[in-house]
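2 protein chains.
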Amino acid sequence: MKKFEEKTIQSTPIYSGKIISLKVDDVLLPNGKEGKREIINHPGAVAVIAITNEGKLVLVEQYRKALERSIIEIPAGKLERGEEPELAAKRELEEETGYGCHEISYLQSFATSPGFADEVIHLYVAKNLYEIEEKAELDEDEFVSLMEVSIEEAEEMVEDQKIYDAKTAFAVLWMKLNSGRA
Amino acid sequence: MKKFEEKTIQSTPIYSGKIISLKVDDVLLPNGKEGKREIINHPGAVAVIAITNEGKLVLVEQYRKALERSIIEIPAGKLERGEEPELAAKRELEEETGYGCHEISYLQSFATSPGFADEVIHLYVAKNLYEIEEKAELDEDEFVSLMEVSIEEAEEMVEDQKIYDAKTAFAVLWMKLNSGRA
Chain F
1 MKKFEEKTIQ
11 STPIYSGKII
21 SLKVDDVLLP
31 NGKEGKREII
41 NHPGAVAVIA
51 ITNEGKLVLV
61 EQYRKALERS
71 IIEIPAGKLE
81 RGEEPELAAK
91 RELEEETGYG
101 CHEISYLQSF
111 ATSPGFADEV
121 IHLYVAKNLY
131 EIEEKAELDE
141 DEFVSLMEVS
151 IEEAEEMVED
161 QKIYDAKTAF
171 AVLWMKLNSG
181 RA
Chain U
1 MKKFEEKTIQ
11 STPIYSGKII
21 SLKVDDVLLP
31 NGKEGKREII
41 NHPGAVAVIA
51 ITNEGKLVLV
61 EQYRKALERS
71 IIEIPAGKLE
81 RGEEPELAAK
91 RELEEETGYG
101 CHEISYLQSF
111 ATSPGFADEV
121 IHLYVAKNLY
131 EIEEKAELDE
141 DEFVSLMEVS
151 IEEAEEMVED
161 QKIYDAKTAF
171 AVLWMKLNSG
181 RA
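As structure tokens, this is what we get:
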């Protein structure tokens, strides 16, 4: 879909980092005027709605420096270069929770901040979980603690802003809609 | 919540733009090692799940340069400096759709990309809509087209990836869960 397309006149790279990069694009707007767009490029990510055999949602708590606080999220992580999203989803689930899954299915994808970033999250649903004997290692700068909660507990966490994250807020609604099938 | 807190050793500003700014923080990790965090600061935003008197969801299509495509979203926009979120939600609804509302309520807030950005979206539900006679003006670099869709149509748009945005994906599930009360 190219409605209201903004053609790039010039693209100026500002920063290229470990995870994100920043550029400023001069664009031609649909009305013929010029504008500027500040754009973050990100490798994309996966996230997993993992349901335990008891019907609970698997969550991880971690410190988010950007927010200067800890929040509680569904397991998620960046795509490695060239990595197939479903494999990344399984990898992140194992690394962050110690769970493998016998069943995984693609749910949907969405951009997290389309106003300034190209980050897209690919969401998976994992069921039929089992504990991995030899636990996979987290990234060296990653510290998480694991919890498993019922829908009611998850809704309380939304209320208390312990769940304070778009993909996890989505997962809580999804679980509520699909709990009969979990 | 400060679990696994990462203390800032040094913060290096990289870019300060019209909407976002970028800094790189050197941090002390919980294991005593040092790490780097690339962080985008954003003023925060509001978004509105607006339900027409016919029970339809109000959506806007706009070009998102970061994604290089048009997507369909619930009405949303950045907070102006010092602006009260509920007023911002009403303002964005009016500017983007030409609708005022007699009823607006706060739903919840969430971070969109906590791994690298501090952007938080405050979500509102607007009902009892009316058409404004003198339409408010969009920002000079903003071009949107309006549509009103049923839950079924919204779900098809998710399927087709026309809805490809976290807050709007959340809104579709919310509407499905609450359609009896719309």
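In order, the protein sequence lines correspond to chains F and U. The numbers in the UniProt record's numbering rise by one with no breaks, and the one at position 70 of the first sequence is 70. The numbers in the UniProt record's numbering rise by one with no breaks, and the one at position 7 of the second sequence is 7. Just so you know, even glycine gets a beta-carbon here, dropped at the ideal spot from N, CA and C.
The stretch 68-83 of chain U / the stretch 46-60 of chain U touching (three or more Cβ pairs under 8 Å): They touch, by the three-pair rule.
Secondary structure of residue 41/U, DSSP reduced to three states: Numbered from 1 along the second sequence, position 41 holds the residue referred to as residue 41/U. Residue state, collapsed to three classes: strand.
Proximity of residue 100/U and residue 129/U at Cβ, strictly below 8 Å: Numbered from its first residue, the second sequence carries residue 100/U at position 100. Numbered from its first residue, the second sequence carries residue 129/U at position 129. With respect to residue 129/U, residue 100/U sits close: the two C-beta atoms are nearer than 8 Å.
Cutoff 8 Å: residue 148/U Cβ touching any chain F Cβ: The residue you call residue 148/U lines up with position 148 of the second sequence. With a threshold of 8 Å between beta carbons, residue 148/U makes no contact with chain F.
Buried/exposed call for residue 121/U, threshold 16 Cβ in 10 Å: Reading the second sequence from its first residue, position 121 is the one you call residue 121/U. Buried, by the Cβ-count rule.
8 Å Cβ cutoff, residue 44/F in contact with chain U: Counting from 1 along the first sequence, the entry for residue 44/F is found at position 44. Using a Cβ-Cβ cut-off of 8 Å, residue 44/F does not count as an interface residue toward chain U, since no Cβ of chain U sits closer than that to its own.
Three-state secondary structure (DSSP) of residue 91/F: Translated into positions along the first sequence, residue 91/F becomes position 91. Residue 91/F carries a helical assignment under DSSP once its states are collapsed to helix, strand and coil.
Cross-strand partners of residue 77/F (DSSP beta bridge): The sequence position of residue 77/F within the first sequence is 77, counting from 1. Its beta-bridge partners are 46/F.
For residue 185/U, the residue or residues it bridges with in DSSP: Residue 185/U cannot be examined here, being either before or after the span of chain U that is shown, 1 to 182.
Distance CB(residue 65/U)-CB(residue 25/F) smaller than 8 Å: Your numbering for residue 65/U matches position 65 in the second sequence. Your numbering for residue 25/F matches position 25 in the first sequence. Yes, they are a contact pair.
Interface flag, residue 10/U vs chain F, CB-CB below 8 Å: Residue numbering aside, residue 10/U sits at position 10 when the second sequence is read from its first letter. For residue 10/U, the closest Cβ of chain F is not nearer than 8 Å.
Contact set for residue 176/F: own chain, Cβ-Cβ below 8 Å, skip 5 residues either direction: As a working mapping, residue 176/F is identified with position 176 in the first sequence. The answer, listed in chain order, is 151 and 155.
Whole-Å CB distance - residue 27/U paired with residue 108/F, under 8 Å assumed: The count along the second sequence starts at 1 and reaches residue 27/U at position 27. The count along the first sequence starts at 1 and reaches residue 108/F at position 108. Wrong, their Cβ atoms sit about 33 Å apart, outside the cutoff.
Runs of beta strand (DSSP E) lying entirely within the stretch 117-160 of chain F, each at least 3 residues, in chain order: DSSP runs (the beta strand (DSSP E)) wholly in the stretch 117-160 of chain F: 120-131 and 144-149.
Proximal residues of chain U, C-beta to C-beta of residue 112/F below 7 Å: Counted from its first residue, the first sequence places residue 112/F at position 112. Result: 112, 113 and 166.
Pick from 93/U, 104/U and 31/U that is closest to residue 136/U, judged by C-alpha positions: Along the second sequence, read from residue 1 onward, the residue named residue 136/U stands at position 136. When each option's Cα is compared against that of residue 136/U, the closest is 93/U.
8 Å Cβ shell around residue 182/U - same chain, five flanking residues per side excluded: Along the second sequence, read from residue 1 onward, the residue named residue 182/U stands at position 182. Legend: pLDDT at residue 182/U = 41, less than 50; position of this residue unreliable, value from coordinates given subsequently. For residue 182/U, same chain residues with a beta-carbon under 8 Å away, outside a window of 5 residues either side, are 51, 55, 127 and 175 in chain order.
Residue 71/U, buried or exposed, once every other Cβ within 10 Å from all chains shown has been counted against 16: Here residue 71/U is taken as the residue at index 71 of the second sequence, counted from 1. Its Cβ being crowded by 16 or more others within 10 Å, residue 71/U is buried.
Straight-line gap, residue 16/F to residue 41/F (C-alpha atoms, nearest Å): For the purposes of this step, residue 16/F is identified with residue 16 of the first sequence, where counting begins at 1. For the purposes of this step, residue 41/F is identified with residue 41 of the first sequence, where counting begins at 1. Their Cα atoms are separated by approximately 9 Å.
Beta-carbon separation (whole angstroms), residue 166/F vs residue 112/U, contact threshold 8 Å: The residue given as residue 166/F occupies position 166 in the first sequence. The residue given as residue 112/U occupies position 112 in the second sequence. A Cβ-Cβ separation of about 5 Å places residue 166/F in contact with residue 112/U under the 8 Å criterion.
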